[in-house]
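Asks:
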Amino acid sequence: MKYIILNMIMLIVFLFISLPVFSQDEMVLINSDEFGNHERPIVQFPHLKHEEVIDCSDCHHEYDEFGDNIGGDGGYCSECHTQEPDLNPVSLVEAFHIQCKICHAKIAKIEKRVMPQMCGQCHIK
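Pasting the structure below:
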């Protein structure tokens with residue numbers, strides 16, 4: 863009986879300690895050679911949190927000749943958004959800023975809640 867109680871206590875302690883690890887979001891560092899030298903801290907992006915509320919194609923997008931979003935293959939943004947204006951007129955920095963700010967502003971307006979839209983809210987020191 864002592865061993866059963868001891869094992870139960872050990873199991874509870876293990877679960878209590880490991881629970882925060884399982885609940886952490888996958889943080890993706892928004893970092894690429896395409897950015898060049900960083901003027902602000904690198905953004906830590908909670909990918910899973912975004913996955914739960916928006917479609918993958920909202921960010922990982924490709925457009926047809928009519929400008930309609932036809933989805934994407936989940937590749938890296940820097941595959942299309944480069945510093946070469948001939949290849950894509952929207953640089954990687956602009957792509958992130960436009961995409962994130964527009965989406966956050968839209969959600970803030972619809973849901974009446976505060977969303978990160980200012981530099982220091984995403985580029986945290």
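Using our numbering, you'd call the opening residue of the sequence shown number 863 and step up by one each time.
Using N, Cα and C, we set each Cβ at its ideal position, and we do this for glycine too.
Predicted, not measured: the structure shown is a model, and the values here were computed from it.
#1: Are the region 926-936 and the region 887-897 in contact at 8 angstroms, needing three or more beta carbon pairs?
#2: Roughly how far, in whole angstroms, is the beta-carbon of A957 from the beta-carbon of C939, given that I think they are within contact range, below 8 angstroms?
#3: Since A970 contacts M977 with CB under 8 angstroms, what's their CB separation in whole angstroms?
#4: Could you tell me the distance, in whole angstroms, from the CA atom of S885 to the CA atom of I871?
#5: As an exercise, report each continuous beta strand (DSSP E) stretch of at least 3 residues that is fully enclosed by the region 887-970, in chain order.
#6: Is DSSP giving M870 helix, strand or coil here?
#7: Leaving out five residues before and five after Q945 in sequence, what residues of the same chain have Cβ atoms less than 7 angstroms from its Cβ?
#8: Kindly indicate the opening and closing residues of the alpha helix (DSSP H) around Q983.
#9: So, helix, strand or coil for V875, using DSSP?
#10: Count the other C-beta atoms from every protein chain shown that fall within 10 angstroms of the C-beta of C918, then say buried if there are 16 or more, exposed otherwise.
Replies: Let's see:
#1: no
#2: 6 angstroms
#3: 4 angstroms
#4: Residue confidence for S885 is low, a pLDDT of 48 falling below 50, so the modelled location carries little weight and cannot support an answer.
#5: 889-892, 905-908, all fully within the region 887-970.
#6: helix
#7: Cβ-Cβ distances below 7 angstroms link Q945 to E896, S953 in the same chain, with the five nearest sequence neighbours on each side left out; the list follows chain order.
#8: 981-984
#9: helix
#10: exposed
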